[in-house]
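Keeping their order, the protein sequence lines are chains A and B.
Counting from 487, one number per residue, gives the positions in the first sequence under the working numbering.
Counting from 487, one number per residue, gives the positions in the second sequence under the working numbering.
There are 2 protein chains.
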Amino acid sequence: MGRGKTEIKRIENTRNSQVSFCKRRNGLKKKANELSILYEAEVALIVFCSRGRLFEYSNSNISSTIERLKRISDNSVTPDLDKVFATFYYQEESAKLRQQIQMLETSNRHLLGDSLSTLTAKELEELNKKLKGSLKRIRSKKHEMLQAEIEQFYRRGRITYLISSEHLRRGLQSSPPYKNFVLEI
Amino acid sequence: MGRGKTEIKRIENTRNSQVSFCKRRNGLKKKANELSILYEAEVALIVFCSRGRLFEYSNSNISSTIERLKRISDNSVTPDLDKVFATFYYQEESAKLRQQIQMLETSNRHLLGDSLSTLTAKELEELNKKLKGSLKRIRSKKHEMLQAEIEQFYRRGRITYLISSEHLRRGLQSSPPYKNFVLEI
DNA sequence: CTCTATCTATAAAT
DNA sequence: ATTTATAGATAGAG
């Protein structure tokens, strides 16, 4: 929202995104609060940012809301912090995280052209397509960076003229007085 | 919002308010989801309506988010030592695993041509090389699979001769007695 | 932080 | 459910 439409996908972590995150967090909190007032609801909101910091909101008491959830969610979806249960629970969580890591590693290997034998012909074809797309984006990014660099040089006065290789081939005789130059790539 | 300004105070429970409650709940959920995607945050939302019905949202797993919250909040109390130790141990482990996941996700994104702005020119070039290598391996794997498939056909007697397009172009006159054939690709 | 143009959510009506 | 008019949220700029 605002001055430009925001596509909903992961964004680069910039100074600006920090500000936006804060704004949206507050917006969410405000709406949660409105909901709780308008409809006499009990609302709890928990947010961990990507760097692990915690932000929470509750119109009553977050622990009691969680307890209430526990009671409803079938006796023990959320284990007690009793030692045994805690240990068990964390093991489960570790297992899940490990599983996720395995998946990501497999995906990575495939993207790097490894372990291809586990793929079907169709999956292989899809992978092929994806990689072609990546290369395309990478190429255009490279181009973009190069352009930016050249602009920089211009700005610092290190380049007076940009000469194409074609131009060079034809000879510099008729050209302006060069000091420094780079070839167009 | 909408056709009239809504004062934020408890409202009568009417048929209309039910609809509004639903809308606002969904709006809140949507925003929570956007927050989690845009900033890679872990978000959990718990709502109990006034009649006690539960609505929840979580972009990952609500129990694990709650546990994560507890692990942080419980630092204020003094639990028994075993518990502290176990919790600490698994917390460390989880943190490491999460970190690994982040790394893998970043790598994956780069391989898919996303979030390229975080890379230097050199890294971009390396990525480019890697992907070219992948594509090469994928192509050769595709070829290999195709070959294997053709062999299969041979073994089942579905193909008698494999004819190259060059061969075909020259004409079939001087060739052996064909029954079935496929073109080499 | 404040401002504001622009985008989004939603109250009310259909 | 779908539409519409309006209040609200917020991205980017200052």
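Even glycine gets a Cβ: it sits at the ideal position worked out from N, Cα and C.
For residue i, collect the residues of the same chain with a Cβ closer than 7 Å to its Cβ; drop the 5 residues on either side in sequence, then sort them by chain order.
i	result
Lys515 (chain B)	Leu531 and Tyr543
Leu555 (chain B)	none
Ser503 (chain B)	Ile497
Leu521 (chain B)	Ala527 and Val529
For residue i, name the three-state secondary structure that DSSP assigns.
i	result
Pro565 (chain B)	Note that Pro565 (chain B) scores a pLDDT of 48, beneath 50, so its modelled location is shaky; the value from the coordinates is reported in the next line. Three-state DSSP puts Pro565 (chain B) in coil, outside helix and strand.
Ala530 (chain B)	strand
Ser626 (chain B)	helix
Phe541 (chain A)	strand
Arg489 (chain A)	coil
Leu602 (chain A)	helix
Glu637 (chain B)	helix
Cys508 (chain B)	helix
Lys495 (chain A)	coil
Tyr576 (chain A)	helix
Asn519 (chain B)	helix
Thr592 (chain B)	helix
Asn547 (chain B)	coil
Ser536 (chain A)	coil
Tyr525 (chain B)	helix
Ser503 (chain B)	helix
Under 8 Å, Cβ to Cβ, is there at least one residue of chain B near residue i?
i	result
Met631 (chain A)	yes
Val505 (chain A)	no
Ala748 (chain A)	Shown here, chain A extends from 487 to 671; a query on residue 748 (chain A) therefore has no answer.
Ser601 (chain A)	no
Ser580 (chain A)	yes
Lys491 (chain A)	no
Arg557 (chain A)	no
Ser429 (chain A)	Given a span of 487 to 671 for chain A in the structure shown, any question on residue 429 (chain A) remains unanswerable.
Tyr591 (chain A)	Contrary to the premise, residue 591 (chain A) reads as Glu rather than Tyr in this sequence. Yes, Glu591 (chain A) lies at the interface with chain B (some Cβ there is under 8 Å from its Cβ).
Gln586 (chain A)	yes
Glu520 (chain A)	yes
Glu609 (chain A)	no
Gly619 (chain A)	yes
Glu553 (chain A)	no
With C-beta atoms as the reference, is residue i less than 8 Å away from residue j?
i	j	result
Leu617 (chain B)	Leu597 (chain B)	yes
Ser580 (chain B)	Ser580 (chain A)	yes
Ser536 (chain A)	Ala527 (chain B)	yes
Arg496 (chain A)	Ile523 (chain B)	yes
Gln577 (chain B)	Arg557 (chain B)	yes
Tyr575 (chain A)	Glu553 (chain B)	yes
Ser437 (chain A)	Asn594 (chain B)	Outside the modelled stretch of chain A, which goes from 487 to 671, sits residue 437 (chain A), for which no answer is possible.
Using a C-beta cutoff of 8 Å, does residue i count as contacting chain A?
i	result
Lys517 (chain B)	yes
Thr604 (chain B)	yes
Phe574 (chain B)	no
Arg501 (chain B)	no
Asn614 (chain B)	yes
Asn594 (chain B)	yes
Leu526 (chain B)	The question names Leu, but residue 526 (chain B) in the sequence shown is Glu. Taking Cβ atoms only, chain A reaches closer than 8 Å to Glu526 (chain B), which makes this a yes.
Glu637 (chain B)	no
Arg641 (chain B)	no
Gly513 (chain B)	yes
Lys627 (chain B)	yes
Lys509 (chain B)	no
Considering only residues of the same chain and omitting the five flanking positions on each side of residue i, which have a CB-CB separation below 6 Å?
i	result
Phe534 (chain A)	Leu540
Gly538 (chain A)	none
Return the CA-CA distance between residue i and residue j, expressed in angstroms with no decimal places.
i	j	result
Leu613 (chain A)	Lys582 (chain A)	26 Å
Ser546 (chain B)	Arg511 (chain A)	18 Å
Ser603 (chain B)	Phe507 (chain A)	20 Å
Gly599 (chain B)	Ile494 (chain B)	46 Å
Glu609 (chain A)	Gln638 (chain B)	21 Å
Thr551 (chain B)	Lys509 (chain A)	22 Å
Arg489 (chain A)	Thr500 (chain A)	18 Å
Ser559 (chain B)	Ser559 (chain A)	22 Å
Gly513 (chain A)	His629 (chain B)	54 Å
Lys627 (chain A)	Thr492 (chain A)	21 Å
Arg625 (chain A)	Thr573 (chain A)	48 Å
Met631 (chain A)	Glu611 (chain B)	11 Å
Tyr525 (chain B)	Ile548 (chain A)	23 Å
Lys622 (chain A)	Val505 (chain B)	47 Å
Gln633 (chain A)	Arg641 (chain A)	12 Å
Met487 (chain A)	Met487 (chain B)	16 Å
Within its chain, find whatever has a CB closer than 8 Å to the CB of residue i; leave out the 5 residues flanking it on each side and keep chain order.
i	result
Lys517 (chain A)	none
Leu605 (chain B)	His596 and Leu613
Asn519 (chain B)	Val529, Tyr543 and Asn545
Lys615 (chain A)	none
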